[in-house]
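Here the sequence shown is numbered in the working numbering, starting from 21 and rising by one per residue.
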Amino acid sequence: MEDISQVFNKILGRGEDVGHVRYWEEPERCGWLMKQGEFLKSWRRRWFVLKDGRLFWFKSDHVTQDVVPRGVVKIDRCLSIKGAEEAINRPFAFEVSTPDVSMYFIADSEKEKEDWINSVGKAIVRHSRCVMDQENVDYTTGS
Numbered sequence: 021m022e023d024i025s026q027v028f029n030k031i032l033g034r035g036e037d038v039g040h041v042r043y044w045e046e047p048e049r050c051g052w053l054m055k056q057g058e059f060l061k062s063w064r065r066r067w068f069v070l071k072d073g074r075l076f077w078f079k080s081d082h083v084t085q086d087v088v089p090r091g092v093v094k095i096d097r098c099l100s101i102k103g104a105e106e107a108i109n110r111p112f113a114f115e116v117s118t119p120d121v122s123m124y125f126i127a128d129s130e131k132e133k134e135d136w137i138n139s140v141g142k143a144i145v146r147h148s149r150c151v152m153d154q155e156n157v158d159y160t161t162g163s
């Protein structure tokens with residue numbers, strides 16, 4: 021039986037958006053972060069995996085092919101990532117913003133926070149380039 025967060029993730033389009041990513045193998049980055057819930061706004065410790073343009077989170081660090089992510093954010097939807105200690109009055113906090121939502125996370129240390137900001141920031145740049153390359157817009161003719 022699904023719990024309430026899995027139902028909300030489906031409503032938000034997160035549960036099915038793994039994009040055939042093998043998140044259980046060789047992540048670009050993984051580790052524990054605190055994440056604020058979308059609805060209840062309580063803080064929960066989750067295992068995060070950054071892989072192939074997606075940031076997944078799980079209840080446990082035991083991630084296998086059979087484990088369904090609790091949520092996922094497509095990196096190409098991210099506008100920015102930045103420190104957020106002052107915004108939410110918590111140490112080691114950072115924010116990931118998309119056109120639809122800003123999500124807050126708390127790392128265990130300043131170094132972990134900076135490492136996550138750098139890793140996700142690089143992924144944002146890398147995947148925004150991919151999107152731009154696919155668009156093939158000719159700015160000289162206006163079409």
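Every residue gets a Cβ at the ideal spot worked out from N, C-alpha and C, and that includes glycine.
Fair warning: this is a prediction, and the values are worked out from it, not measured in the lab.
Contact annotation: A127 and E115 have beta-carbon atoms that are not nearer than 8 Å. Selection G141, K94, D120, S122 evaluated against G73 yields K94 as nearest (Cα-Cα). At the C-beta level, L70 and E46 stay beyond 8 Å of one another. Under a 10 Å Cβ-count criterion, P119 is classified as exposed, with fewer than 16 other Cβ atoms of the shown protein chains found around its own Cβ.
Contact annotation, V140 with I101: C-beta distance approximately 5 Å; criterion of less than 8 Å satisfied.
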